[in-house]
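Colleague: Here it is, the structure in full.
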Amino acid sequence: MNLYLCQDIMKGFFKVLILLVAIGSTSSLMAQSQRRVIQLSGFVTDTATMVLPGVHVYVPKAGRGTPTSNAGFFTMPVLVGDSVVFSAVGYKRASYKVPDLPKESWTIFVELAPDVTVLGDAIVMGIPTEELFKEAVLAMNIPLDNNVDTKAMNAEMLALMARTTPMDGAGNYRYYIDQWSNSAGDKFRPAYNPFLNPLNWARFIRDLKKKKK
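The numbering of the sequence shown is my numbering, which starts it at 1 and goes up by one.
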């Protein structure tokens with residue numbers, strides 16, 4: 001009985017939540033529909049009245065915008081009361097709030113001020129002679145990493161690792177290409193069998209005789 005009661009309560013809660021979301025969305029849409037749409041156009045320049053191409057013109061709350069053309073011109077639909085932001089690299093941001101005017105289109109001129117960042121002075125000091133440079137290098141106290149295991153740098157250990165480590169992608173590719181090249185060449189010549197070489201048998205018999213002695 002308690003399980004069915006909990007299910008009924010949860011269903012009622014979700015119904016109320018969906019109803020509140022629907023009411024909020026409807027009121028937001030009604031509020032936007034009451035605001036008139038204006039075609040906002042204009043030019044963006046710097047303080048020297050030079051046009052600025054590629055300036056980002058957008059409404060942050062609405063998530064819509066457009067860049068300025070090569071002539072610094074832009075045009076986009078906006079709503080009355082929107083705050084339009086003008087942003088460009090190297091310039092300070094500017095904003096414009098769309099007024100409630102009876103016109104259906106509006107043209108503005110926006111001027112962006114340069115955003116100058118003053119860096120601190122850097123003093124460069126050189127070493128006058130080569131001898132002083134050598135003395136300065138030799139006098140440098142470079143800390144050594146004592147945590148390195150000396151056994152890991154053993155020559156025999158490195159050789160063993162090189163023999164047992166499998167090939168990487170480049171090694172596998174090189175081995176495949178070599179095998180493919182050899183197989184292509186074997187098509188036009190008889191296959192070589194080292195067991196049929198009399199010189200190899202002669203060396204083998206000679207080595208056996210030496211071991212018996």
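We put the beta carbon where it would ideally sit given N, CA and C, even for glycine.
Just so we're clear, the structure is a prediction, and the values are computed from it rather than from any experiment.
Residues in its own chain within less than 7 Å of Tyr58 by CB, not counting five upstream and five downstream?
Modeller: When the five nearest sequence neighbours on each side are left out, the beta carbons in the same chain lying within less than 7 Å of the beta carbon of Tyr58 are those of Arg64, Gly65 and Val85, in order along the chain.
Colleague: With H, G and I counted as helix, E and B as strand and the rest as coil, what does DSSP make of Asp46?
Modeller: strand
Colleague: Can you round the beta-carbon distance between Ser92 and Leu112 to whole angstroms, since I take them to be within the 8 Å contact cut?
Modeller: The displayed chain sequence assigns Lys, not Ser, to residue 92. Going by Cβ atoms, the distance from Lys92 to Leu112 rounds to 6 Å, so yes, they are a contact pair.
Colleague: Return the CA-CA distance between Leu138 and Glu131, expressed in angstroms with no decimal places.
Modeller: Cα to Cα, Leu138 sits roughly 11 Å from Glu131.
Colleague: What first and last residue would you give for the alpha helix (DSSP H) that runs through Arg36?
Modeller: Taken as a continuous stretch (DSSP letters only), Arg36 belongs to no alpha helix (DSSP H), as it is neither H nor E.
Colleague: For Glu104, which three-state DSSP category applies?
Modeller: Coil at Glu104, not helix or strand.
Colleague: Express the C-alpha separation of Leu101 and Pro215 in angstroms, rounding to a whole number.
Modeller: A question about residue 215 goes unanswered here, because the residues of the chain that appear run from 1 up to 213.
Colleague: Using the DSSP secondary-structure output, state which residues sit across from Ala94 in a beta bridge.
Modeller: Phe86
Colleague: Please give the ranges of any alpha helix (DSSP H) in the stretch 148-182, keeping only runs that are unbroken, at least 4 residues long and fully inside the region.
Modeller: 155-164
Colleague: Give the DSSP-derived three-state secondary structure of Leu29 in the structure shown.
Modeller: Low confidence applies to Leu29: its pLDDT is 49, below 50, so where it sits in the model is not reliable enough to give any reading.
Colleague: Using alpha carbons as the reference points, say which of Phe74, Arg35, Asn193 and Gly169 lies closest to Val51.
Modeller: Among Phe74, Arg35, Asn193 and Gly169, the Cα nearest to that of Val51 belongs to Phe74.
Colleague: On the criterion of 16 or more Cβ atoms from any shown chain inside 10 Å, does Thr68 qualify as buried, or is it exposed?
Modeller: buried
Colleague: Can you grab the Cα-Cα spacing for the pair Tyr176 / Ser183, in whole Å?
Modeller: 11 Å
Colleague: Out of Phe43, Lys61 and Leu160, which has the shortest C-alpha to C-alpha gap to Asn70?
Modeller: Phe43
Colleague: Return the CA-CA distance between Ala162 and Gly90, expressed in angstroms with no decimal places.
Modeller: 54 Å
Colleague: For Val110, which of Ser87, Asp82 and Asn154 has the nearest alpha-carbon?
Modeller: Ser87
Colleague: For Ser105, which of Ala122, Ile38 and Lys210 has the nearest alpha-carbon?
Modeller: Ile38
Colleague: Please report the residue range of the alpha helix (DSSP H) in which Phe133 lies.
Modeller: Glu130 to Leu138
Colleague: Evaluate Leu160 with the Cβ neighbour count: other Cβ atoms within 10 Å of its Cβ, from every protein chain shown; 16 or more gives buried, anything less gives exposed.
Modeller: exposed
Colleague: Starting from Pro77, follow its DSSP beta bridges and name the residues at the other end.
Modeller: DSSP lists Gln39 as partners of Pro77.
Colleague: Once the 5 residues before and after Gly81 are set aside, which same chain residues still bring their CB inside 8 Å of it?
Modeller: Arg35, Lys97, Val98 and Asp100
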